Amino acid sequence: MASLQYLLFTSFLLFFVAPGLAQQSFRPRPWWFQSLKTPPHFNTSPFLTKGHHLFLCGSAQCSLAGANECGDCFDGPRPRCNNNTCVVEPGNTFTNTAGPGEVAQDVVSLQSTNGRNPGRVVTVPRFLFACAPTSLLQGLANGVVGMAGFGRHRIGLPSQFSAAFSFRRKFSICLSSANGVIFFGDGPYVFLPGVDALESLTFTPLFINPISTAPSFPLGEPSAEYFIGVKSIKVNEKPVSLNTTLLSINSEGVGGTKISIVNPYTTLEASIFKAVTEAFINKAAARNITRVAGVAPFEVCFSSRNIVGTRLGAAVPSIDLVLQNENTFWRIFGANSMVKVSREVTCLGFVNGGSNPQTSIVIGGYQLEDTFLQFDLATSRLGFSSTLLGRQTTCANFNFTSNA
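With mature numbering (1 follows the signal peptide of the UniProt record, and there is no 0) as the guide, the letters of the sequence shown map in order to residues -22 to -1, 1 to 382.
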């Protein structure tokens, strides 16, 4: 998995939602990525493809990309190295490394949808990206050819696609252990059997960390990642005693809560982890759920014997991330909190992040599965559902193929 600042080019399908497909002037609303004509991957060859362009230093495109460096090839031009072309620093958020990448432009094709069924393919003819060294593929899964930027950058996908199709900077993500889907633009977002995820959303503000959390960044650049304002945590609806100063972002960019699927599981600062897990263990014991030895990377595990399965996953104490007020909270049920590591053992899927992490709470990919998230960059607002399992659907249940 990857950060929401970046997503891997793998099996995700990204949709435009497009009302009025029969209108003379077609302007899609949400859509998916179905294909990339010449994808913005970490190219080795060919040197240039049809429709592929590089830009001279000082050009408008370089300025838009925030490119402050100018590339020169002392041994003459060659693949990924051209004279007087502008260079940025794309990063691999898994390995926390970065490298020089030329700013390039190409054509990208995407699948539109009316929010229920796939529609026509639409094209962005001038799509900007960074053509980075193949060394940045290290640490990524087999078959991955690049990372797509979903952060707040001016050449991030939300910004480029909203400019190309004249809709608000808004995208939604729904992860699954099977197929996932990402929408750009407004809803509806209808999953089989006719469940509109938009109707399930609760909203909370998005915050900007004043200090970048990227592997490489210019001095003074804010983070492109997505932070929310967790004020407290409850286990089984009972407050957990925490050092609440850790929940705020300080002047050095330390603290707070972000959403980042670079982390496969939610990571908590050490004292928060201790407080939450102790409360969880006590509440689980009251249900005759017996603790057993931990299984890496999990410290808190239980015998599966007395854990009952339900539609919402394992019947265990709920965990609430309380947001701007007591009535606004992100409830995590057993489907997103418990990981079955063997037939006999089930673990709490939260990881100890140590005593001095940059971010106190990082909500990881497992906790996001079958949860619908809408990122509205124009209004700095996050919409989130609880698990879609409660509405008898999953993120894999979008109609990916049929036009009926």
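Glycine residues also receive a C-beta, built at the ideal position from the N, C-alpha and C atoms.
These numbers were taken from a predicted model, which means no experiment stands behind them.
CA-CA distance, residue i and residue j?
i           : j      : result
Val99       : Glu215 : 46 Å
residue 416 : Gly77  : Absent from the structure is residue 416, since the part of the chain shown begins at -22 and ends at 382.
Ile297      : Leu326 : 11 Å
Ala262      : Leu225 : 25 Å
Phe145      : Gly163 : 6 Å
Phe143      : Thr180 : 27 Å
Val240      : Asn74  : 10 Å
Phe33       : Ala108 : 11 Å
Thr101      : Phe139 : 10 Å
Asn314      : Phe128 : 23 Å
Pro242      : Lys318 : 15 Å
Gln345      : Ile250 : 17 Å
Glu136      : Thr268 : A small correction: the amino acid at residue 136 is Pro; Glu does not occupy that position in the sequence shown. The alpha-carbon atoms of Pro136 and Thr268 are separated by roughly 46 Å.
Leu88       : Gly36  : 30 Å
Leu301      : Lys236 : 13 Å
Glu347      : Gly291 : 12 Å
Pro217      : Glu277 : 22 Å
Thr349      : Val159 : 11 Å
Thr255      : Ser238 : 21 Å
Thr112      : Asn303 : 46 Å
Gln12       : Thr223 : With a pLDDT of 29 at Gln12, under the threshold of 50, the modelled position of this residue cannot be trusted; read the value that follows with caution. C-alpha separation (whole angstroms): 44 Å.
Val123      : Arg130 : 22 Å
Val86       : Asp354 : 23 Å
Asp141      : Gly121 : Note that residue 141 is Ala in the sequence shown, not Asp. Spanning the two alpha carbons is a distance of roughly 30 Å.
Met316      : Phe72  : 24 Å
Arg321      : Asn187 : 42 Å
Got a sec? Which residues, its chain only, sit under 7 Å from residue i by beta carbon, not counting five neighbours each side?
i      : result
Ala110 : Phe20, Pro68, Gly77, Gly79
Leu299 : Val208, Ile211, Phe307, Trp308
Pro295 : Val213, Asn214, Phe258, Lys261, Ala262
Ser3   : At Ser3, the pLDDT of 38 sits below 50, so the modelled position is not reliable; the number obtained from the coordinates is stated separately. Excluding sequence neighbours, Ser3 sits near nothing in its chain.
Asn221 : Ser249
Ala45  : Cys64, Val65, Val66, Val81
Arg5   : In this prediction, Arg5 has a pLDDT of 43, which is less than 50 and means its spatial position is unreliable; what the coordinates show is noted afterwards. Cβ within range, chain order: Phe143, Ser144.
Would you kindly check if the distance between the Cβ of residue j and the Cβ of residue i is under 7 Å?
i      : j      : result
Ile151 : Thr244 : no
Leu367 : Arg309 : no
Gly172 : Leu246 : no
His31  : Gln116 : no
Ile133 : Leu106 : yes
Ala43  : Val66  : yes
Ser154 : Thr372 : yes
Gln352 : Gly361 : yes
Val270 : Val329 : no
Pro166 : Leu176 : yes
Arg147 : Ala356 : yes
Can you find the residues in the same chain that come closer than 8 Å, C-beta to C-beta, to residue i, ignoring five residues on each side of it along the sequence?
i           : result
residue 383 : This structure cannot speak to residue 383, because the chain is shown only from -22 to 382.
Ser219      : Ala253
Val293      : At residue 293 the sequence reads Ala, which differs from the Val that was named. For Ala293, where only same-chain residues beyond five positions count, the Cβ hits under 8 Å are Arg265, Ile285, Val286, Gly287, Gly312.
Gln370      : Pro171, Val173, Arg289
Gly272      : Val278, Cys279, Cys325
Within its chain, find whatever has a CB closer than 6 Å to the CB of residue i; leave out the 5 residues flanking it on each side and keep chain order.
i      : result
Ala156 : Ala374
Ser364 : Arg309
Ile189 : Gly231
Thr191 : Ser201, Glu203
Arg104 : Gln83
Val168 : Gly93, Arg94, Asp174
Phe149 : Pro136, Phe162, Phe353
Pro24  : Because Pro24 carries a pLDDT of 26, less than 50, the predicted location of this residue cannot be relied on, and the following value inherits that uncertainty. Counting only Cβ-Cβ distances below 6 Å, and skipping sequence neighbours, we find nothing.
Asn70  : Leu114
Cys40  : Phe33, Cys64, Val81
Is residue i near the ligand ADP, with its Cβ less than 6 Å from a heavy atom?
i     : result
Val81 : Because no ligand of any kind appears in the structure shown, any question about the ligand ADP cannot be addressed here.
I'd like to know whether the C-beta of residue i is nearer than 7 Å to at least one C-beta of chain D.
i      : result
Asp354 : You won't find chain D in this structure, because it holds only one protein chain.
Mind pulling the alpha helix (DSSP H) runs of 4 or more residues that sit fully within the segment 260 to 340? 312 to 315
Which runs of the beta strand (DSSP E) at least 3 residues long sit entirely within the segment 94 to 126? Give them in chain order. 96 to 109
Quick check: the segment 59 to 67 against the segment 30 to 50, are at least 3 beta-carbon pairs closer than 8 Å? Short answer: they touch.
Does the segment 221 to 239 touch the segment 329 to 341, meaning 3 or more C-beta pairs lie closer than 8 Å? Here the segment 329 to 341 lies against the segment 221 to 239, with 3 or more beta-carbon pairs under 8 Å apart.
Touch check for the segment 198 to 206 and the segment 265 to 283: three-plus C-beta pairs under 8 Å? no
Any contact between the segment 88 to 97 and the segment 368 to 378? By contact I mean 3 or more CB pairs, one from each, below 8 Å. yes
May I have a chain-ordered list of the beta strand (DSSP E) segments no shorter than 3 residues that lie completely inside the segment 54 to 95? 63 to 66, 79 to 91
Unbroken beta strand (DSSP E) runs of length 3 or more, entirely within the segment 140 to 227: which are they? 148 to 152, 159 to 162, 180 to 185, 204 to 206, 210 to 213, all fully within the segment 140 to 227.
Beta strand (DSSP E) runs wholly inside the segment 349 to 378, at least 3 long, in chain order: 350 to 354, 359 to 362
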